[in-house]
Every structure is written in structure tokens, then in C-alpha cells.
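*Asks:* The numbering used here applies: residue -18 is where the sequence shown begins, and numbers increase by one.
Let me begin by handing over the structure; questions about it come next.
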Amino acid sequence: MILIPDTSALVELIRGSETGRAVEEILEDADIVLIPTLVLAELRSFLERNNIDPTIAAKVAESGLVVSLEADIAINAGALHAKIKRENKNVSLADCIIAETARKYDAVVLTTDHHFKLLGNAIILEK
């Protein structure tokens, strides 16, 4: 399975929570782990805001294959975001980008965010 950890899953992993332990097990079983550059940016922001070692973001980058935001992903994510917003759903553009990245690479998103039910193929863990 190709897996993309969402920032929420990585935060639980860093916190060492029970959910974080489940994240670790799922990541270990993945065939390939893709790390979107957007997730790295969100993770670095979280680390800085919470006074946690910011070098963890670089370690996460080294733990998988980093994928950049490409034009087709951005364009498709914008369309997805607009569609969901028209339906009065509150989903961030960032999450639409992650969902479209997963779609492009036929990957599964690993997350704790329940709104990923609206976005496609995801493993949603409880916090």
C-alpha cells in the first residue's frame, strides 16, 4: 500500500499518543510512504508553535519519498475545494491538496481528520 500521512497523524506520532502508536504501526506496514511538501510545512509550523524540536520535520522528510505540489495536483485540488465549499462543507484547501496528491499516486491518506471521508481514500484514526 502507498500511504500519505496527514499532518494530524504525524502530530499524534510525535506526541507518542495511543493514536500515534497506531500511526507508527501502519506506517511500518506501508510499501511506500509519500510525504507531501505541504505536510512538511504544516508540521514545521506545528513544531515551532509548540516549542518542539523543529529538526523533526527534516527527519520526517527523510523517512519517506517527498512529493512536491505539482500544477495538476493544485488545479484539481482547487476544483475539489470549490465543489466542497459549494456544498457548505468546511474543508481546508490544504486537505484538498493532500487528497489530490493521494489520488494522483493511488495512495491512502492516514489521518485523524474525519472530513477526509469527503475527500477520498483514507484511513481515519480516532484521537
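Glycine included, C-beta positions come from ideal geometry on N, C-alpha and C.
For the beta strand (DSSP E) that contains L(-16), what are its first and last residues?
*Replies:* Against the sequence shown, residue -16 aligns to sequence position 3. I(-17) to P(-14) is the span of the beta strand (DSSP E), which, as asked, contains L(-16).
*Asks:* Give me the Cα-Cα distance between P(-12) and L46, rounded to the nearest whole angstrom.
*Replies:* Reading the sequence shown from its first residue, position 7 is the one you call residue -12. Reading the sequence shown from its first residue, position 65 is the one you call residue 46. Checking the displayed sequence, the identity of residue -12 turns out to be Thr instead of Pro. Roughly 15 Å between the two C-alpha positions.
*Asks:* Taking all protein chains shown into account, decide if P35 is buried (16 or more other Cβ within 10 angstroms of its Cβ) or exposed.
*Replies:* By 1-based counting over the sequence shown, the position of residue 35 is 54. Exposed, because fewer than 16 other Cβ atoms sit within 10 Å of the Cβ of P35.
*Asks:* Using the Cα positions of A80 and A58, report the straight-line distance between them to the nearest angstrom.
*Replies:* Taking the sequence shown and counting its residues from 1, one reaches residue 80 at position 99. Taking the sequence shown and counting its residues from 1, one reaches residue 58 at position 77. Rounded to whole angstroms, A80 to A58 spans 8 Å at the Cα level.
*Asks:* Would you kindly work out how many angstroms separate the C-alpha atoms of E(-7) and P(-14), rounded to a whole number?
*Replies:* Here residue -7 refers to the residue found at position 12 of the sequence shown. Here residue -14 refers to the residue found at position 5 of the sequence shown. Those two C-alpha atoms are separated by around 11 Å.
*Asks:* Mark I56 as exposed unless 16 or more other C-beta atoms lie within 10 angstroms of its C-beta, in which case mark it buried.
*Replies:* For the purposes of this step, residue 56 is identified with residue 75 of the sequence shown, where counting begins at 1. Result: exposed.
*Asks:* Assign T82 to one of three DSSP states: helix, strand, or coil.
*Replies:* Translated into the one-based positions of the sequence shown, residue 82 becomes position 101. Correct three-state label for T82: helix.
*Asks:* Does the Cβ-Cβ distance between L19 and L91 come in under 8 Å?
*Replies:* For this step, residue 19 is matched to residue 38 along the sequence shown. For this step, residue 91 is matched to residue 110 along the sequence shown. No; because the gap between Cβ atoms is not below 8 Å, this pair is not in contact.
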